[in-house]
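Trainee:
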Amino acid sequence: MIENHLSLLLVALPLLAAPIVAALPNGRLPWALSTLVSWSVCYLAAWQLMNVSSGQVISYELGGWAPPWGIEYRIDAANALVALIVSGIAALTLPYALKSVIKEIPQQQHALFYAAFMLCLTGLLGIAQTGDIFNLFVFLEISSLSSYALISLGKKRQALTAAYQYLIMGTIGATFFIIGVGLLYAMTGTLNMADLAQRLPELYEHRTIHTAFAFIMVGFALKLALFPLHLWLPNAYTYAPTVVTIFLAATATKVAVYVMLRMVFTVFGFSFIENTPTDELFLLLCVTGILSMSFYAIYQKDSKRLLAYSSVAQIAYMMLGIGLGSVLSVTATLVHLFNHALMKGALFMAIGALIYRVGSSRLEHFSGLGKQMPWTFAAIVIGGLSLIGVPGTAGFISKWYLVLAAIEQQHWLIVGVILMGSLLAVAYVWKMIEVLYFNATDEREQQNTAVKEAPLMMLIPMWVLVLANVYFGFNTELTVGTAEQAVKLLMPGAN
Amino acid sequence: MDMILGHYNYWMVIIIMMAGFYTVISRGNLVKKIVGLNIFQVSVFLLYISIGNVKGGATPIIEKGVDLYSNPLPHVLILTAIVVGVATTALGLALVVRIKEAYGTIEEDDIHNQDQSL
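These protein sequence lines map, in sequence, to chains H and V. Each residue of the first sequence is one higher than the one before, starting from -16 at the first, in our numbering. Each residue of the second sequence is one higher than the one before, starting from 505 at the first, in our numbering.
(1) Does the distance from the CB of isoleucine 229(H) to the CB of glycine 328(H) come in under 8 angstroms?
(2) Answer yes or no: does any C-beta atom of chain H fall closer than 8 angstroms to that of valine 548(V)?
(3) Please report whether the beta-carbon of phenylalanine 384(H) lies at a distance below 8 angstroms from any beta-carbon of chain V.
(4) When the cut-off is 8 angstroms and only beta carbons count, does glutamine 545(V) lie next to chain H?
(5) Could you tell me whether any non-hydrogen atom of the ligand ADP is closer than 7 angstroms to the CB of alanine 111(H)?
(6) What does a CB cutoff of less than 7 angstroms around threonine 18(H) pick up in its chain, not counting 5 residues either side in sequence?
(7) Could you tell me whether the Cβ atoms of valine 600(V) and leucine 509(V) are closer together than 8 angstroms?
(8) Going along chain H, which residues have a C-beta under 8 angstroms from isoleucine 555(V)?
(9) If contact means a Cβ-Cβ distance below 8 angstroms, which residues of the stretch 597 to 621 of chain V contact chain H?
(10) Would you call the stretch 592 to 599 of chain V and the stretch 126 to 146 of chain H in contact, with 3 or more CB pairs under 8 angstroms?
(11) Would you say glutamine 141(H) lies against chain V (beta-carbon separation less than 8 angstroms)?
(12) Apply the 10 Å Cβ neighbour rule to asparagine 62(H) and answer buried if 16 or more other Cβ atoms are within range, or exposed otherwise.
(13) Is the shortest distance between the beta-carbon of leucine 581(V) and the beta-carbons of chain H less than 8 angstroms?
(14) From the DSSP output, in three-state form, read off isoleucine 365(H) for me.
(15) Quick check on tryptophan 494(H): buried or exposed, where buried means 16 or more other Cβ atoms within 10 Å of its Cβ?
(16) Is DSSP giving isoleucine 41(H) helix, strand or coil here?
(17) Excluding sequence positions up to five away, which residues of its chain have a Cβ less than 8 angstroms from the Cβ of serine 554(V)?
(18) By the three-class DSSP mapping on this structure, what secondary structure does threonine 376(H) have?
(19) From which residue to which residue does the alpha helix (DSSP H) around glutamate 257(H) run?
(20) I need the boundaries of the alpha helix (DSSP H) containing isoleucine 338(H), first residue and last residue.
(21) Beta carbon of valine 470(H), beta carbon of valine 310(H): below 8 angstroms?
(22) Any idea what DSSP makes of asparagine 422(H), helix, strand or coil?
(23) If you compare alpha carbons, which of Phe278(H), Ala29(H), Pro184(H) and Tyr220(H) is closest to phenylalanine 331(H)?
(24) Just to confirm, is the Cβ distance from alanine 142(H) to phenylalanine 210(H) under 8 angstroms?
(25) DSSP on isoleucine 566(V), reduced to helix/strand/coil?
(26) What are the residues of the stretch 527 to 540 of chain V that lie near chain H, defined by any Cβ-Cβ distance shorter than 7 angstroms?
(27) Measure the Cβ-Cβ separation of leucine 107(H) and threonine 113(H) and say whether it is below 8 angstroms.
(28) Could one say the Cβ of serine 130(H) lies closer than 8 angstroms to chain V's Cβ atoms, at least one of them?
(29) Among the candidates Gln90(H), Glu55(H), Met403(H) and Phe159(H), whose CA atom is the shortest distance from the CA of leucine 12(H)?
(30) Give the interface partners of isoleucine 151(H) over in chain C, defined as CB-CB distance under 7 angstroms, in chain order.
(31) Tell me the DSSP bridge mates of isoleucine 58(H)?
(32) What does serine 135(H) reach in chain V if we use C-beta pairs closer than 8 angstroms?
(33) So for asparagine 513(V), helix, strand or coil by DSSP?
(34) Under a CB-based cut-off of 8 angstroms, is proline 28(H) close to chain V?
(35) Looking at C-alpha atoms only, which residue of Met356(H), Leu274(H), Pro475(H) and Ile401(H) is the closest neighbour of leucine 419(H)?
(36) Do the stretch 183 to 190 of chain H and the stretch 37 to 49 of chain H meet, that is, are 3 or more Cβ pairs less than 8 angstroms apart?
So, in structure tokens, the structure goes:
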């Protein structure tokens, strides 16, 4: 019974939970229910991934209406992997959230905060699950609207302007996307992705299709913060409440990258892209993005902003994989999508623990904390190593595949840029470690206010992610294995 | 001439779209930006409704003796998009109210100056 409706339950469960959570009295109840829901959803997502991991495709017809007329949820390895990332990160963020939210958000808003969080989870899972391009827009707006609200809850007043800026940019992006969808519908008369994929090849020469493609690409480039359309991201990540930053950094942009993959490979098909200058443009933007954003990260004085710029650079790595357009490079994109969620989740959780104790995210306030909070410090070191791509961590696996893909096509410049990006990552990760471990703590010691290690409720989710970073650096069966299955379906002709 | 008159709707869509988009980019007043965003979205509604029109087609309600109908699906889609637009506007204006409370102004330049001077 449950198994037949698995794909829908994944979206419906958090959606139904949201109003209930909002109606609960402020206190621990909203948190407890959201955590319970996120764990069940994570369990369902893992189940779903097992069902499709060897290349099957599940087609779920909403309300029994046959596609392409009805809305279809079409689950293959790519969707299932993204759904697992989103729900897994949510299941780890929510236990962490309890203490952090009590400290950062006024108590009368707790129920509404968790309700918005559930809606954001609904939206992101919906985007991952759906096989209908207009349905995707609706879920995109559900997740975006709730994340604007979540970001605006930050303590500083800049959170409001950051949320406003994101709202304007995000809405322009989403509107561009529906313009594209409308044009596609005008030409093909269908909104189902699989159906579109079949009808589009005979219309490849048509100018309307090219226009639609341009609108959809620019719209989603805004959403996933592809350099130079990333301007909303650093402020949004810096001023949002810590929990929101963790969740959005690890999931929202990843889901947008997945949509880009879906559009490029399933809907339009890579043979269409190859006849447009899109892939060269992607490569150019990604190369500039990786280098410039990594440089920016080095000069930041705020830890959250530093990691935000690093995120923009890392997203550029994923898009690089799409731009190269080979089996290896798209595998690298999917693996990096998964691994980057792990490392940024771990790093933002560790930074969040520091903020919890010190009350500030500026690097100068972190000096010497490494000795007082050894577990949090160790998490930053391992997360940082993974971000750099040191062998033995998850980050190494994805960069390895990306470099292999670039070598395969003899793009030596890109190989150089990937390695250069890692070197720059060493610089910004070192900057955090230097402040935390090697800077003196005299100021605080004089005031005699030694800082304690973060509470266990924060350390456990953080370390689950840290250990996952190490685990997936050795065992690549889940990540690379699933990604290879997904790529087989995304690029059927390629192998 | 047919290029202009025959595609009258689409020309209007482009003009409204650009007017809205330009307002969003060029205006410093946060409320005016939201208004621009609205105009921008309205152009998309018009685009969808124009796509749904079938030449000589009747209103899509089944009736005896009528066998050519306009396509109702784009209209339904755009109802959803209108709801999304209303939600976005409401949230955007709510943020503007909070910004006004926090900064005492809704001019982008003043807000920027206040943040810089800290």
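C-beta: ideal position from N, C-alpha, C; glycine also.
Mentor: According to the structure data:
(1) Using a Cβ distance threshold of 8 angstroms, isoleucine 229(H) and glycine 328(H) count as a contacting pair.
(2) It does: the Cβ of valine 548(V) has a partner Cβ on chain H nearer than 8 angstroms.
(3) The amino acid occupying residue 384(H) in the given sequence is tyrosine; phenylalanine does not appear at that position. Output row for tyrosine 384(H): interface = no.
(4) Yes, glutamine 545(V) counts as interfacial toward chain H.
(5) Looking at this structure, you won't find the ligand ADP or any other ligand, since it has none at all.
(6) Within the same chain, threonine 18(H) has close Cβ partners Leu77 and Pro78.
(7) In this structure, leucine 509(V) does not lie closer than 8 angstroms to valine 600(V) by Cβ.
(8) In chain order: Gly165, Tyr168 and Ala169.
(9) Contact residues of the stretch 597 to 621 of chain V toward chain H are Leu599, Val600, Arg602, Ile603, Ala606, Tyr607, Ile615 and Asp619 (C-beta to C-beta distance below 8 angstroms).
(10) Taking 8 angstroms as the limit for Cβ pairs, the verdict is that the stretch 126 to 146 of chain H does touch the stretch 592 to 599 of chain V.
(11) Yes, glutamine 141(H) lies at the interface with chain V (some Cβ there is under 8 angstroms from its Cβ).
(12) Counting Cβ neighbours within 10 Å, asparagine 62(H) comes out buried, since at least 16 surround it.
(13) Put simply, the CB of leucine 581(V) is near chain H, with a gap under 8 angstroms to one of its CB atoms.
(14) Here DSSP, grouped into helix, strand and coil, assigns isoleucine 365(H) to helix.
(15) Because chain H spans -16 through 478 in this model, residue 494(H) falls outside it and cannot be assessed.
(16) Under the three-state reduction of DSSP output, isoleucine 41(H) falls in the strand class.
(17) Taken in chain order, the residues that qualify are Asn513, Tyr514 and Val517.
(18) Coil at threonine 376(H), not helix or strand.
(19) Counting along the chain, the alpha helix (DSSP H) containing glutamate 257(H) begins and ends at 253 to 257.
(20) Looking at the DSSP string, the run of the alpha helix (DSSP H) that includes isoleucine 338(H) is 310 to 341.
(21) Their beta carbons are under 8 angstroms apart, which means valine 470(H) touches valine 310(H) by this criterion.
(22) Shown here, asparagine 422(H) sits in coil according to DSSP, grouped into three states, outside any helix or strand.
(23) Across the set Phe278(H), Ala29(H), Pro184(H) and Tyr220(H), the C-alpha of Tyr220(H) shows the shortest separation from the C-alpha of phenylalanine 331(H).
(24) Using a Cβ distance threshold of 8 angstroms, alanine 142(H) and phenylalanine 210(H) do not count as a contacting pair.
(25) In the structure shown, isoleucine 566(V) sits in coil (DSSP, three-state: anything other than H, G, I, E or B).
(26) Those would be Val528, Leu534 and Lys537, in chain order.
(27) Not a contact, by the Cβ cut-off of 8 angstroms.
(28) Chain V contact via Cβ: absent.
(29) Selected option, being the one with the closest Cα: Gln90(H).
(30) No chain C appears in the structure shown, which is made up of the protein chains H and V.
(31) Paired residues: Ile41(H).
(32) What serine 135(H) touches in chain V: Leu599 and Arg602.
(33) DSSP, read as helix, strand or coil, puts asparagine 513(V) in helix.
(34) At residue 28(H) the sequence reads alanine, which differs from the proline that was named. At a cut-off of 8 angstroms, the C-beta of alanine 28(H) has no neighbouring C-beta in chain V.
(35) Residue Met356(H) is the option with its Cα nearest to leucine 419(H).
(36) No, the stretch 183 to 190 of chain H is not in contact with the stretch 37 to 49 of chain H.
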